[in-house]
Amino acid sequence: MHENGSARDTAISNPIRCALVSDFTIDGLVPLLSSQSDPPAFETRSSPFGQVMQMLVDEQATPWSFRPDIAVVWTRPESVIESFGRLKDGQPISLEQLLPEVDIFADALRAAATRVTAVLVPSWTSAPYDRGTGIINLSPAHGSAYFLLRMNAHLAEVTAPAGNIHVLDAGRWVALAGERAVSPKLWHLGKILFGPEVLRLAALDIKAAARAMRGQTRKIAVLDLDDTLWGGIVGDAGWENLQLGGHHPIGEAFVGFQRALRALTNRGVVLGIVSKNHETVALEAIDRHPEMILRRGDFAAWRINWDDKVRNLIDLMRELNLGLDAAVFIDDSAVERARVRQALPDVLVPEWPADKLLYEKALAELTCFDTFAISEEDRARTKMYASERLRHSSRTSTQSLEDYLASLNLRVHIEPLGADNVKRAAQLLNKTNQMNLRTRRLSELEFLEFCQGEAVSAYCYRVSDRFDDYGLTGLASVKLVDGSAQVVDFVLSCRVMGRGVEQVIVQSLIERARAQGAERLTMEYAATARNAPCRAFLEEQSRLTRVADTVYAWDTNVPYAGPTHIVTDATAVSKPSVTVEQDPVR
Amino acid sequence: MPLRSTLTRDQVESVVVQTLASIRPELSPVSGATPLIGEQAVVDSVGFITLLVAIEQGLGSVVDLSASFMEQNAVDDSQHPFRTIESLTDHICGMLSGQQG
């Protein structure tokens, strides 16, 4: 899969720094991670051979000196878990011996996790040819495969609370590589544990993790209809005659593909349609075909007409408040794929199989939707977009933007950052691109540590209206420095942008700064390829004064009027007033 | 060179080139003259070992390139049969022909 264009250029110019810590020769991974054809490119440093535990616990050790963003810790189970080595030698062991050793290894990983944004730990594997104890290999009493499963599960469980240690499924890489995964020849000739195919698959997952860490996860799959979501041309055949379901391999394959797409929506990925069709005909098929898995409510938006797909795609993404680099375009037509790929380089356009039976597999192989966590907000995202569609349709009947906003009955609840909301807050920090002042990417632990720092305050904002409850969709942190309240993070989900919530956040920060004795509030903008909307807000709508090229300020002695159409309430922070002066929201 | 193996020379070269690409994806274009050993080599020692073993696997393990390489230990780099893609391809074809003969 290749990405190109401006987002790609940014990713290449800002590589991920990665420490490789391993007890086997892992150098083969370096050129694969450095590859610029699948951004982001990595700068890597390998640790000295065979010193895993020392490297993990010693903060002065070589891998940490270049301040890596990510550490990949890839080990052989017998080298870090002594009991497992004895098991491989044929000696009896028990889980009571084994799992405490896994705990010790997990402690070392936690130590390393304080130095990086994420620690990636490929799970322990055995060679596909290794039958272990043969037909009793999964025996709880004797089976090395059984103990390996338990070790991996235990490692994943005990490291999960750290929030930034992620155990990757290396078993899948080995299974896919098959008999070429591991070669005794490679081991004996160079202490090379895995063949190139395993390393290629590992690099794909590690890069997916890096994109998730940077908030570069794709958020929407935009689909064609005819011969993509169903078999046949609905305009010619009619919805009754589409290949979908039934007792036919292709019909069943399309049902499987739709099920996989619906499963994606439960991970927070939204679906859209860009199709050359008559809208009424296509929507009738979606509404009425008895074997459709995806219905109208499963799609956040659609453009079904005879216009150019590039124009439609731009229009659809604008409606959803999403950047083009959030989109994946799936179309059976090579011509349409080439057109979108050429015209919109930020849109990811995966090659798509001609064989319809392979659509579900092609979707499953995409790494671009990977995230580190799935929240309730993610699961409800499609429903939220459906609410947005209702909201949009209600707007057409109102006379002005002010009237429309007033009709929404917007509410914002402000609460301090704490243990109960830090997980979602960190997720928002790392996923949000457009309304993000500085686009900092921090693990949950790093963010919590920052917020607990001296003179730092952090607040979360929950937004709702008469259509929906959007949950925690805003975040701000402020540091008091020499009588000035410096906004460090100012983050708002694209789902609630442009309705005055931005001004509510600014108002709350100014009032809080005043209460803390700060003379002024400053917001310093750090440009990225994708946060121009934040600059536009500061410049055109915030009413803050630009005091330097990228710095905006407000004298806290001057009241800041928030929008009158939003009702706010707060937990344990002073409630911002909402009716000081009317400020029309543009 | 006509091979009595079922593989043609072009097929052998294709395996060599594709295997190299899987190890060094940024390396393009490659040609028959692309050096595999010596100061100008496009792979380091780890990459070279991986390349040999992966080529063996790609050819169905019908040749033992790593053993052959160790046998060539005393040969000068400039004459080494593993020095370029082209010479390695020729060497593999020779091994296959020898087996078949």
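Taken in sequence, the protein lines are chains A and B. Sequential numbering of the first sequence, starting at 90, is according to the working numbering. Sequential numbering of the second sequence, starting at 236, is according to the working numbering. The C-beta atom is built at its ideal place from N, Cα and C for all residues, glycine as well. All figures in this text were calculated on a predicted structure; none of them were measured in a lab.
Three-state secondary structure assigned by DSSP to A/P710: Missing from the structure shown is residue 710 of chain A; chain A here goes from 90 to 675 and no further.
Chain-ordered chain A contacts of B/A289 [CB-CB under 9 Å]: For the purposes of this step, residue 289 of chain B is identified with residue 54 of the second sequence, where counting begins at 1. Those within 9 Å of B/A289 in chain A are R269, S272, L275, G284, P285, E286.
Where A/G279 meets chain B, residues with beta-carbon distance less than 8 Å: Here the question's residue 279 of chain A lines up with position 190 in the first sequence. Going along chain B in sequence order, the residues near A/G279 (Cβ under 8 Å) are S280, V281, I284, T285.
CA nearest to the CA of A/V141, picked from A/T660, A/T151, A/D396: Sequence index remark: in the first sequence, residue 141 of chain A carries index 52 (1-based). Selected option, being the one with the closest Cα: A/T151.
Start-to-end residues for the alpha helix (DSSP H) that takes in B/Q246: Stepping through the second sequence from its first residue, residue 246 of chain B is reached at position 11. B/Q246 -> alpha helix (DSSP H) spans 244-258.
Chain B within 8 Å of A/I105, Cβ atoms only: Taking the first sequence and counting its residues from 1, one reaches residue 105 of chain A at position 16. No, no contact with chain B.
A/V363 and A/K308 closer than 8 Å at C-beta: Taking the first sequence and counting its residues from 1, the one referred to as residue 363 of chain A is at position 274. Taking the first sequence and counting its residues from 1, the one referred to as residue 308 of chain A is at position 219. Cβ atoms of A/V363 and A/K308: not closer than 8 Å.
Boundaries (first-last residue) of the beta strand (DSSP E) holding A/P120: In the first sequence, residue 120 of chain A corresponds to position 31, counting from 1. First-last for A/P120: 118-123, but that is the alpha helix (DSSP H), not the beta strand (DSSP E).
Range covered by the alpha helix (DSSP H) that runs through A/Y493: In the first sequence, the residue the question calls residue 493 of chain A occupies position 404. Where A/Y493 is concerned, the enclosing alpha helix (DSSP H) stretches over 490-496.
Three-way DSSP call (helix, strand, coil) for A/Y218 in this model: Counting from one through the first sequence, the residue named residue 218 of chain A turns up at place 129. A/Y218 falls in the coil class under three-state DSSP.
Complete alpha helix (DSSP H) runs within the stretch 160-210 of chain A (minimum length 4 residues, chain order): 166-169, 171-177, 184-202
The stretch 639-648 of chain A in contact with the stretch 531-538 of chain A per 3-pair CB rule at 8 Å: no
is_contact[B/E306, chain A] using C-beta, thresh 8 Å: Along the second sequence, one-based indexing puts residue 306 of chain B at 71. Cβ-Cβ to chain A under 8 Å: no for B/E306.
B/V250 versus B/R244: straight-line alpha-carbon distance, rounded: Translated into positions along the second sequence, residue 250 of chain B becomes position 15. Translated into positions along the second sequence, residue 244 of chain B becomes position 9. Using only the alpha carbons, I get a separation of about 10 Å.
Distance between A/G279 and A/W213 (C-alpha atoms, nearest Å): Within the first sequence, residue 213 of chain A is the residue found at index 124, counting from 1. Within the first sequence, residue 279 of chain A is the residue found at index 190, counting from 1. Whole-angstrom Cα-Cα distance: 20 Å.
B/E248 burial status per 10 Å Cβ neighbour count (16 or more: buried): The residue given as residue 248 of chain B occupies position 13 in the second sequence. By the 10 Å Cβ count, B/E248 comes out buried.
Test: A/G117 CB closer than 8 Å to a CB of chain B: Here residue 117 of chain A corresponds to residue number 28 of the first sequence, with the count starting at 1. It does: the Cβ of A/G117 has a partner Cβ on chain B nearer than 8 Å.
Burial state of A/P338, where buried means 16 or more other Cβ atoms lie within 10 Å: Residue mapping note: residue 338 of chain A aligns to position 249 of the first sequence, counting from 1. With fewer than 16 Cβ atoms within 10 Å of its Cβ, A/P338 is classed as exposed.
Classification of A/T487 by the beta-carbon crowding that lies within 10 angstroms, buried from 16 upward: Working through the first sequence from its first residue, we reach residue 487 of chain A at position 398. Reliability of the predicted coordinates at A/T487 is poor, the pLDDT of 48 falling under 50, and no value is obtained from them.
Buried versus exposed call for B/Q292 [16 or more other C-beta atoms within 10 Å across all chains shown]: One-based indexing of the second sequence puts residue 292 of chain B at position 57. So B/Q292 ends up on the buried side.
Contact list for the stretch 207-221 of chain A against chain B, Cβ threshold 9 Å: none
Buried versus exposed, by CB contacts within 10 Å (16 or more), A/A604: Taking the first sequence and counting its residues from 1, one reaches residue 604 of chain A at position 515. A/A604 comes out exposed.
Whole runs of the alpha helix (DSSP H) within the stretch 247-328 of chain B, excluding any shorter than 4 residues: 280-293, 300-306
C-alpha distance - A/S631 paired with A/I594, whole-angstrom precision: By 1-based counting over the first sequence, the position of residue 631 of chain A is 542. By 1-based counting over the first sequence, the position of residue 594 of chain A is 505. Rounded to whole angstroms, A/S631 to A/I594 spans 10 Å at the Cα level.
Range covered by the beta strand (DSSP E) that runs through A/W276: To locate residue 276 of chain A, count along the first sequence from 1; it is residue 187. Note, A/W276: premise wrong, no beta strand (DSSP E); alpha helix (DSSP H) at 273-279.
Contained beta strand (DSSP E) runs [length at least 3] in the stretch 381-417 of chain A, N- to C-terminal order: 388-394
Separation of A/V191 from A/K177, as counted between CA atoms: By one-based count along the first sequence, residue 177 of chain A stands at place 88. By one-based count along the first sequence, residue 191 of chain A stands at place 102. Distance between the alpha carbons of A/K177 and A/V191 is about 16 Å.
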